[in-house]
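Chains as they are written, first to last, in my numbering: chain A, 70 to 185; chain B, 8 to 120.
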């Protein structure tokens with residue numbers, strides 16, 4: 070158990086809909102990272118938050134947004150969903166905000182999104 | 008641009024045989040290197056990491072990896088695999104000041120009994 074909790078574990082929805090994925094980081098970790106894992110793209114970095122502030126952005130679509138709340142949990146919002154958004158979405162947390170000096174990201178078990 | 012290549016998409020080895028998974032990176036700065044393992048239905052777990060110093064690093068579950076700067080490689084090895092090692096393995100790279108890990112495409116390991 071990594072200590073990172075993601076909900077829901079599975080989600081099935083239709084095209085055009087909007088969903089919210091939730092992540093609770095390990096106790097004490099200030100950074101939250103979101104990654105998307107799909108068969109064709111592999112693991113793609115989406116976005117990082119550190120103590121409530123956006124720190125880095127990767128290949129995140131404009132239809133997607135995220136935030137980190139004062140209690141450090143994070144939500145990833147996916148809107149106007151398309152078939153191609155079907156993927157496994159991972160949240161990871163780290164004690165540090167930048168540089169990944171310790172290098173260890175602790176990953177949740179992921180939220181599997183299926184768009185029909 | 009930073010990139011990580013894992014040349015082998017799928018590898019099959021027999022239980023008890025040795026294993027080497029390849030990883031090559033393209034990075035301008037001194038890299039921080041990692042290997043993660045993903046079991047079916049699970050998140051990623053860190054096996055080992057390299058920042059500096061001894062180029063041979065030991066990890067959990069009997070794995071080790073060797074950093075070879077001249078070859079831009081960080082190959083993962085295990086002298087004798089167990090059936091429980093069947094999983095997907097990801098190599099990842101970062102640098103100091105970077106805000107993210109860049110992952111390779113992964114290598115799926117199958118173990119024959």
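For every residue, glycine included, the Cβ atom is placed at its ideal position computed from N, Cα and C.
Query: Give me the subset of the stretch 27-61 of chain B whose CB atoms are less than 9 Å from a CB atom of chain A, sorted by chain position.; Result: 39, 40, 41, 43, 45, 48, 49, 50, 51, 52, 53, 56, 57 and 58
Query: What is the C-beta distance between residue 72 of chain A and residue 149 of chain A, in whole angstroms, given that I count them as a contact (C-beta under 8 Å)?; Result: Their Cβ separation, rounded to whole angstroms, is 33 Å, which puts residue 72 of chain A and residue 149 of chain A out of contact at 8 Å.
Query: Quick one: what does DSSP say residue 145 of chain A is sitting in, helix, strand or coil?; Result: strand
Query: Is it right to say residue 65 of chain B is buried, meaning 16 or more other beta carbons lie within 10 angstroms of its own, or is it exposed?; Result: exposed
Query: Residues of chain B with CB closer than 8 Å to the CB of residue 71 of chain A, please, in chain order.; Result: 50 and 52
Query: Should the stretch 35-52 of chain B be regarded as contacting the stretch 71-85 of chain B, the criterion being three or more beta carbon pairs within less than 8 Å?; Result: yes
Query: Considering only their Cβ atoms, is the gap separating residue 97 of chain B from residue 13 of chain B smaller than 9 Å?; Result: yes
Query: If we call anything under 9 Å between Cβ atoms a contact, is residue 44 of chain B one with residue 30 of chain B?; Result: no
Query: Which chain A residues are close to residue 112 of chain B, counting only those with a beta carbon under 7 Å from its beta carbon?; Result: 111
Query: Helix, strand or coil for residue 18 of chain B, going by three-state DSSP, please let me know.; Result: strand
Query: Any heavy atom of the ligand NAP closer than 8 Å to the beta-carbon of residue 34 of chain B?; Result: This structure simply doesn't include the ligand NAP, nor any ligand for that matter.
Query: Measure the alpha-carbon distance for residue 163 of chain A versus residue 181 of chain A and round it to whole angstroms.; Result: 22 Å
Query: With a cut-off of 9 Å, does the C-beta of residue 74 of chain B fall near any C-beta of chain A?; Result: no
Query: Only counting runs of 3 or more residues, tell me where the beta strand (DSSP E) segments fall wholly within the stretch 46-96 of chain B, in order along the chain.; Result: 51-57, 63-65, 71-75 and 80-85
Query: Per DSSP, what are the beta-bridge partners of residue 133 of chain A in this structure?; Result: A:147
Query: For residue 114 of chain B, write down the residues that DSSP places opposite it in a beta bridge.; Result: B:96
Query: Which same chain residues, not among the five before or five after residue 24 of chain B, have their C-beta less than 8 Å away from its C-beta?; Result: 87 and 88
Query: Does the stretch 54-68 of chain B come close enough to the stretch 75-90 of chain A that 3 or more CB-CB pairs lie under 8 Å?; Result: no
Query: Using a threshold of 9 Å, state whether the C-beta atoms of residue 179 of chain A and residue 50 of chain B are closer than that.; Result: yes
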